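Residue numbers (the numbering used here), protein chains in the order written: chain A, 1 to 302; chain B, 303 to 571; chain C, 572 to 827.
Don't be surprised by glycine CBs; every beta carbon is placed ideally from N, CA and C.
No experiment lies behind these values; they were computed from the predicted model shown.
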Amino acid sequence: MATMLEVNGLNHRYGSGESEHVAVRDLTFTVETGQLACIVGPSGCGKSTLLRCISGLIRPSDGEVRLHGDEVDGVPEDLAVVFQDYSRSLFPWLSVRQNVEFPLRWKKLSRAERRERAVEALEWVGLPGVGNKYPWQLSGGMQQRVSIARALARRPALLLMDEPFASVDAQTRFELEDLLRTVQVKHGSTILLVTHDIDESVYLGDRVLVLSKSPASIVADLPVELPAERDQIATRASSAFVSMRSEVAKLLHGSGTAGPVTAEGAPAAEDAPEAEQARADLTEADAAEQANTAGEPASKPH
Amino acid sequence: MRPVTGFLQRWSLFFGAVVLWELAARLAEDPFFPPPTTILQTAGQLWFSGPAGHLLLTGSVFNDILPSLGRVFGGWLIAVLVGVGLGTFLGRSKTGMDYVGPLFAFMRAVPPPTLVPVFLVLFSIGTPMKLATIVFGSVWPILLNTVDGVRSVSTTQRETAESFRTPKAYWVTMVVLPAALPKIFAGLRLSLSLALILMVVSEMVGATDGIGYQLIFAQQRFDFPAMWAWIVLLGVLGYGLNALLLAVERRMLDWQPTRGAARAQTTGA
Amino acid sequence: MRPIYRNLAGLIAFLGVWEAAVRLGLINDQYVPPASVVLTRTVELLGQEDFLRDVIASMLAWAIAMLAAIGIAVPAGLLLGSLPGLRTATTAIVEFLRPIPSVALIPLAILVIGGGPESKIALAIYASVWPILYNTIYAFTEIDPLLIDTARSCGAKRGRVLASVALPHAAPFVFTGIRMSAAVALILVVSTEFIAGASTGIGRFILDATSGGGRMDLVLAGTIVAGLLGYLVNDGLERLGGRLFRWHAATTTEAV
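Set out below in structure tokens:
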């Protein structure tokens, strides 16, 4: 199997001097072509920073990232990212189809080809016939499907996903997890998914990378010994799943804080603060920007 | 039946007020306040008693109203181009507003009519002077609102666009400007009403034609029905221009959830 | 570089360009005197009693107009905002009166009210009523029903809901309207003085400077003072709003 992604000695620090904060420390790992790898780590450990370094959105302080052998410097052509916050990641002023077509606009495609790809991608994620709606007319889970379709329409060599299912309800999360696995198997996509949810990482992944608490470094790299065909009820009840889950949980505990796992083995309650914490990794300016956009516009002028 | 009652609800008080005005004006016989029917008659004579070849429009329509409208639109369009262009640039730049922010806030606070004498000597009496006044007075709300709107692009939206290697032209036209559009429109509405005001002011102070000139001329002649006719015309123009802009806004901001939902519920009220 | 230095750098650069453009003859100094001359004149003016009297006259007219506009528009907005039937009935009148450019009423005001301060005050009230009225109505119609329900479920009576939920909710919006009106009112006071030739005021001062042999340095100095006043009023209200309504986003973001 060829190597799709190589991360070598990755370090990232924010600030300098006294206020220096190390977000990612000395990370080295690879992802093989066609693999679905999950990175699981405690809240605020620097997962988002790691993902942004890999995607070329931010330049790491040290180390290198290679995508199919080419050094990543800026976002590579054949990479796509799915963000947690679908409501902001989808452009509200574009219809669903226009959103999916958006990243194809500057590819050498005719209008008809572009449209065809968009329609096709929407079918992959099980959303045919909603192309003319605006994102707000869809439920949260459907919106996240649209952003997955948008990423797939680009036919990326590597798909990065940052907590993609953390903002949807549990039922929808199960559906989306199964959808992701189906799409991945069908298209042989290479996916690197970041999550704080132990169950999700085990259920989805061909492989789980466990991160320590901040600064993030790799504690363990475990292959997932589950059949390729997975089922929300049967797989989660299987002994292989349960033992793997507790192994990951122990590793996370050992590294300090643990992602909470409930007794029934259901995914931990959706925690918005985690998302906030991950965001705190971003620069101060970014945080301020976020805060600003949270407010509604003031009042109607006359 | 519903639309009829809705219409009555909306307009009965308005027409009631007009009728009351008519009666009061007829009883009081105050020369300053002619009854609405007289104003309407005067307006008809002023603008709609022309030759059939001109669709009954009089010279005043072509010599005063159209030039005035041209100035409003001309000045306002220049202000829109400058305001949106400069505002987008400054809003995306990290430090640009630090340099010019206070200066612009000050400029916006300057009462534009007081600059008419300066523009008058710079451009002499004529259309450029009026355009300068209108542009200077109406550009600030557009500019400052565009800066604000452009800054409302969220981190996630920026990162999404970056992760797709969005070229600059697409980034500005498909992400930044649409995100800023609601704020820009708020600025556009305010600046359009300012443009109308400044058209009148600049024509009152230095002009030989135009609505503002005719308004002050009618006052100086003590031709009160004509003065009222021009005032009413300005009200109609203000209402019409605002309604036009609102219609454009509604179309262009169709994607906003609140608007879409409101439209779904009230079916075009 | 700290923002305050950038502010100053921008200001100095603007004045420098102005000064240079005039000195190099790009702009006729008869029409636009150099920045140094205008700024000197501004400082001189601020020390003259006559001019200060003009400033006070304008500011007084502005303050009276603002108080009257608030006194009219807030209760009216409250009434229209909480009575949908009345609001529908008056929409046509409001929508017709609002867009009449207030300056179009200047000739009428001079005739009916005369050239005294009453004219400019009346016009300033007319112009500044609309933003406050509009924002007040908006605040009351846009109130989140959930807030009302929450208050009701806590056993609050109608009056109490109004006092403890609706008013605090509306206050920042009303305040934004007042801030918008403050700027409009000042512009209108000065403009009326300038166009109609009131007996005192900054606008009158500028008018005299224009007609008295075209003293453009005085015109610009007067304009700068008028602009500074407007700037200070707006800035002061913005700070006040930020302090009063720290919990609300509406006052920190500029909607206009």
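| Check | Outcome |
| --- | --- |
| Residue-chain proximity (LEU679 (chain C), chain B), Cβ-Cβ < 8 Å | yes |
| Reduced DSSP category for ILE54 (chain A) - H, G, I as helix; E, B as strand; rest coil | helix |
| Segment contact, 8 Å Cβ cut-off, at least three pairs: the stretch 5-14 of chain A with the stretch 25-41 of chain A | yes |
| DSSP-derived helix/strand/coil call for THR339 (chain B) | helix |
| C-beta contact flag for LEU811 (chain C) and LEU757 (chain C) at 8 Å | no |
| Coil, strand or helix - GLY9 (chain A) by DSSP | strand |
| Residue-level contact to chain A via CB, VAL386 (chain B), 8 Å cutoff | no |
| Helix, strand or coil at THR429 (chain B) according to DSSP, with G and I counted as helix | helix |
| Pick from B:GLY398, B:PRO337, B:ASP511 and B:ILE513 that is closest to PRO574 (chain C), judged by C-alpha positions | B:GLY398 |
| Below-8 Å beta-carbon distance, GLU620 (chain C) vs any chain B residue | no |
| C-alpha gap between PRO678 (chain C) and GLY451 (chain B), whole angstroms | 38 Å |
| DSSP-derived helix/strand/coil call for THR344 (chain A) | One cannot answer for residue 344 (chain A) here, as it falls past the ends of chain A, which runs 1 to 302. |
| Chain B contact residues for VAL194 (chain A), given Cβ-Cβ distances below 9 Å | What VAL194 (chain A) touches in chain B: nothing, since even the nearest Cβ is about 14 Å away. |
| Pair within 8 Å by beta-carbon distance, THR458 (chain B) and ARG88 (chain A) | yes |
| Residues that TRP557 (chain B) contacts on chain A, provided the C-beta gap is smaller than 7 Å | PRO92, TRP93 and TYR134 |
| Continuous beta strand (DSSP E) stretch holding MET476 (chain B): start and end | From DSSP, MET476 (chain B) is part of no beta strand (DSSP E); its letter is neither H nor E. |
| The ligand GDP heavy atom lying under 7 Å from the CB of LEU329 (chain B) | Ligands displayed in this structure: none; no statement on the ligand GDP is therefore possible. |
| Distance, PHE317 (chain B) Cα to ALA481 (chain B) Cα | 41 Å |
| GLU551 (chain B): contacting residues in chain A (beta-carbon distance under 7 Å) | Here the premise fails: no neighbours, minimum Cβ distance about 12 Å. |
| ILE766 (chain C) versus C:LEU676, C:LEU738 and C:PHE744, residue with shortest Cα-Cα distance | C:LEU676 |
| Selection of the stretch 658-690 of chain C by Cβ proximity to chain B, strictly under 9 Å | THR659, ALA660, THR661, THR662, ALA663, ILE664, GLU666, PHE667, LEU668, ARG669, PRO670, ILE671, PRO672, SER673, VAL674, ALA675, LEU676, ILE677, PRO678, LEU679, ILE681, LEU682 and VAL683 |
| Spatially closest choice to GLN343 (chain B) from B:SER426, B:PRO527 and B:LEU322, by CA coordinates | B:PRO527 |
| Under 7 Å from the C-beta of THR621 (chain B): neighbouring residues of chain A | A query on residue 621 (chain B) cannot be resolved here, the shown segment of chain B reaching from 303 to 571 and no further. |
| Distance between LEU733 (chain C) and ALA149 (chain A) (C-alpha atoms, nearest Å) | 48 Å |
| Pairwise C-alpha distance: ASP600 (chain C) and THR429 (chain B) | 22 Å |
| Continuous beta strand (DSSP E) assignments of at least 3 residues falling wholly in the stretch 716-748 of chain C | none |
| DSSP bridge partner residues for HIS21 (chain A) (one or two, in chain order) | A:TYR14 |
| Where VAL363 (chain B) sits in the DSSP three-state scheme | helix |
| Beta-bridge pairing of PRO223 (chain A) - partner residues as DSSP gives them | A:ARG207 |
| Chain C contact for TYR541 (chain B) (CB, 8 Å cutoff) | yes |
| Proximity test, Cβ basis, 8 Å: TRP313 (chain B) and chain C | yes |
| Range covered by the beta strand (DSSP E) that runs through GLY798 (chain C) | Taken as a continuous stretch (DSSP letters only), GLY798 (chain C) belongs to no beta strand (DSSP E), being part of the alpha helix (DSSP H) at 787-815. |
| Under the three-state DSSP convention, the category PHE580 (chain C) falls into | As written in the sequence, residue 580 (chain C) is Ala, which differs from the Phe given in the question. ALA580 (chain C): helix per DSSP, three-state reduction. |
| LEU222 (chain A) to VAL208 (chain A) span [Cα, whole Å] | 5 Å |
| LEU718 (chain C): contacting residues in chain B (beta-carbon distance under 7 Å) | In chain order: nothing, as chain B lies at least about 17 Å away. |
| Helix, strand or coil at PRO273 (chain A) [DSSP, three-state] | Low local confidence applies: a pLDDT of 39 at PRO273 (chain A) is under 50, so the model's placement there is unreliable, with the coordinate-based value given in what follows. Helix at PRO273 (chain A). |
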